[in-house]
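Written out below as structure tokens is the structure these notes cover.
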Amino acid sequence: MPVKIRLQRHGKKGKPFYWVVAADARAKRDGKFLEKLGIYNPNTNPATIELDIDSSVKWLQNGAQPTDTAKAILSYRGVLLKHHLLGGVRKGALTEEQAEEKFNAWVTEKEAAIADKVGGIDKVKADARAAALKAEKEVNDKRAADAAAAALPEVAEGENAEAEVEAVETAGEPEQATEAPATEENKA
1 MPVKIRLQRH GKKGKPFYWV VAADARAKRD GKFLEKLGIY NPNTNPATIE LDIDSSVKWL
61 QNGAQPTDTA KAILSYRGVL LKHHLLGGVR KGALTEEQAE EKFNAWVTEK EAAIADKVGG
121 IDKVKADARA AALKAEKEVN DKRAADAAAA ALPEVAEGEN AEAEVEAVET AGEPEQATEA
181 PATEENKA
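The UniProt record's numbering puts the first residue of the sequence shown at 1, with every later residue one more than the last.
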């Protein structure tokens, strides 16, 4: 009986959620399966993948063939690496302890990379929120200034403008007149 490690679709329309299963190759996609190995949720960022690594390795050692997508998922979680290391143990190239050390080192490195990615995504979201808040504050300040300007009593433009021009002209002339004689006296 040929066994495949593949995805079994669950979830609602537009929101897929998958089980990673070991199933007979002749069974329907969402039909009968031999063992559930884990879950894969592509709706989250980064995608959520939970696998039973030991069961997956057992099925690979017994000859199960993963589909392309399942192979990518197994590789991402280190199942194929562990299968490879256990092959080295069977051949005598490694001891079981060395293989376990290498696998655990790879797992911690991978978890750190995933944590960095999650941290980067959170930082981008926080920056986007801060930019949106800043833009919203600017719009609110502009609206408040416009409302304050509209609330001032209106004066006829012609009367107020002429009075301001005359006040500026008369204020500027005495200053120039007082400064000019002072400079002439200093020169003599």
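Virtual Cβ for every residue (Gly too), placed ideally from N, Cα, C.
Inter-residue spacing [alpha-carbon to alpha-carbon] between residue i and residue j
i: A177; j: A144; result: In this predicted model, A177 has a pLDDT of only 49, less than 50, meaning its place in the structure is not dependable; the value taken from the coordinates is given anyway. Between A177 and A144, the C-alpha separation is close to 43 Å.
i: K134; j: P42; result: 32 Å
i: P2; j: D52; result: 21 Å
i: A151; j: A132; result: 29 Å
i: E50; j: K125; result: 25 Å
i: G87; j: A128; result: 48 Å
i: A27; j: F33; result: 8 Å
i: K137; j: N45; result: 30 Å
i: A105; j: V139; result: 51 Å
i: A99; j: K82; result: 8 Å
i: L37; j: Q61; result: 14 Å
i: A112; j: I39; result: 21 Å
First through last residue of the beta strand (DSSP E) which encompasses residue i
i: T48; result: 48-51
i: A22; result: 15-24
i: residue 195; result: Absent from the model: residue 195. The displayed extent of the chain is 1 to 188, so no value can be given.
Residue range of the alpha helix (DSSP H) that includes residue i
i: R9; result: Element bounds for R9: not the alpha helix (DSSP H) but the beta strand (DSSP E), 3-12.
i: F103; result: 96-151
i: G63; result: Run containing G63: none; DSSP gives neither H nor E here.
i: G87; result: 79-91
Assigned exposure category for residue i - 16 Cβ within 10 Å defines buried
i: G78; result: buried
i: I121; result: exposed
i: K117; result: exposed
i: P66; result: buried
i: K12; result: exposed
i: A64; result: buried
i: V57; result: buried
i: D54; result: exposed
i: A147; result: exposed
i: A130; result: exposed
i: G119; result: exposed
Beta-carbon proximity check, residue i vs residue j, cutoff 9 Å
i: V89; j: E96; result: yes
i: L94; j: L80; result: no
i: D24; j: K4; result: yes
i: R9; j: P16; result: yes
Min CB distance residue i to chain D below 9 Å
i: G120; result: This model lacks chain D altogether; it includes just one protein chain.
(message) Closer than 8 Å is the cut-off here; do at least three beta carbon pairs connect the region 64-83 with the region 6-26?
(response) yes
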